[in-house]
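Under the working numbering, the first residue of the sequence shown carries the number 3, and numbering increases by one thereafter.
Single-structure report; data block below.
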Amino acid sequence: MVHRVGVAALLLIFVGCVSSLVMSSSTAAGAPSHRSCPPLMLRLPLVSPNGSIPHHSTNSITTTAEHAAVVCIDIYESSVEVPVSVAAAGREASSWQLHPFNVPLDNVPVYRAVSSGGTAKPQGYISQVQSSLACANSGKRLCSLDEWLAGCRGVDPNSGGGTVYPYGNHYKPGWCNTGRAENPIIELFGPDATFNWTEMNDPRVDLLNDTVSFGGAFPRCTNANVSVFDMSGNLDEWVATVVPATGHGIFKGGYFVDSRINGHGCLYETTAHATWYHDYSLGFRCCVSI
3 MVHRVGVAAL LLIFVGCVSS LVMSSSTAAG APSHRSCPPL MLRLPLVSPN GSIPHHSTNS
63 ITTTAEHAAV VCIDIYESSV EVPVSVAAAG REASSWQLHP FNVPLDNVPV YRAVSSGGTA
123 KPQGYISQVQ SSLACANSGK RLCSLDEWLA GCRGVDPNSG GGTVYPYGNH YKPGWCNTGR
183 AENPIIELFG PDATFNWTEM NDPRVDLLND TVSFGGAFPR CTNANVSVFD MSGNLDEWVA
243 TVVPATGHGI FKGGYFVDSR INGHGCLYET TAHATWYHDY SLGFRCCVSI
């Protein structure tokens, strides 16, 4: 009888140890501190008591209701890849090639977002709808307004604080790619330019000097908390957020001509265009929840 009691006790101890080990391993695996961002992405400083991202209280709402507490953002504005052939879609990365950054995507059936690591110019001439699809085809998503602001200002936008420009509160000429002396549409088409759809989407615009730069070419155009580049200037960036009253999309940050008319730096915001609209000044970057 004593022998049977001893065996039972040993079995209980063994089962308890195994259960504790499994629970400990499971907890460690699910802990946010062990999550790593994908390559060429950085973690955003978003804080929320329930693990969701609080929404920016402006006249806009986000199209993504809740995300995981850990959100990563592209370090550079996104380029776009296309398959070498349509039949190659979905194969390994060697089957893809960069799409010309200055050519619209309207006649391109398959494409995806890619971070070039600063070795290519980011995609211009892209709509919010196309940007969302490009991110989704890369297993990411277009950043919400709050996420974008957190990357640009270096803090959760609902916590207060943060800088006006990525690098500080006062405009510094030459720190970001903005402030081009002449609008490129005027330079290309002359003083009688009408700024119509054809002119605004002419591939020659972004080939002019002092227009779109390589990602990270302005190394001071970043902030101390989140080292992402070009969130002010270079290209305006679409976000996933839309304006409730109109359904219009929102793009942020300004571009190589201006980053102050519609707000300064990170606060620059344009809401005048539908989500299908695109022109030479528009780009994007992706986020992902992990």
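From the three backbone atoms N, C-alpha and C, an ideal C-beta is built for every residue, glycine too.
Being a predicted model, the structure only gives us computed values, none of them experimental.
DSSP state of residue i mapped onto helix, strand, coil
| i | result |
| --- | --- |
| residue 98 | strand |
| residue 143 | strand |
| residue 202 | helix |
| residue 37 | coil |
| residue 107 | coil |
| residue 131 | helix |
| residue 207 | helix |
| residue 190 | helix |
| residue 44 | strand |
| residue 184 | coil |
Residue i - partner residues in DSSP beta bridges
| i | result |
| --- | --- |
| residue 254 | 239, 271 |
| residue 334 | Any answer about residue 334 is impossible in this case: the structure gives the chain only from 3 up to 292. |
| residue 115 | 82 |
| residue 291 | 73 |
| residue 167 | 170 |
| residue 259 | Answer is none; residue 259 lacks a bridge partner. |
Cβ neighbours of residue i in the same chain (closer than 7 Å, five flanking residues each side left out)
| i | result |
| --- | --- |
| residue 197 | 187 |
| residue 275 | 250, 251 |
| residue 222 | 169, 177 |
Close Cβ partners of residue i (< 6 Å) along its chain, the five nearest in sequence each way excluded
| i | result |
| --- | --- |
| residue 119 | 42 |
| residue 167 | 234, 267 |
| residue 154 | 168, 233, 268 |
| residue 37 | 72, 292 |
| residue 163 | 157 |
| residue 273 | 245, 250, 252 |
| residue 117 | 42, 76, 78 |
| residue 262 | none |
Residues near residue i in its chain [Cβ-Cβ closer than 8 Å; skip 5 each side]
| i | result |
| --- | --- |
| residue 47 | 152, 156, 157, 158, 227, 228 |
Per-residue burial, residue i [other beta carbons within 10 Å of its own, 16 or more giving buried]
| i | result |
| --- | --- |
| residue 248 | exposed |
| residue 172 | exposed |
| residue 128 | buried |
| residue 124 | buried |
| residue 77 | buried |
| residue 136 | buried |
| residue 213 | buried |
| residue 174 | exposed |
Query - Stretch pair the stretch 100-109 + the stretch 249-258: three plus CB contacts closer than 8 Å - result: no
Query raised in the report: Just checking, does the stretch 259-275 make contact with the stretch 285-292 on the three C-beta pairs under 8 Å criterion?
Result: no
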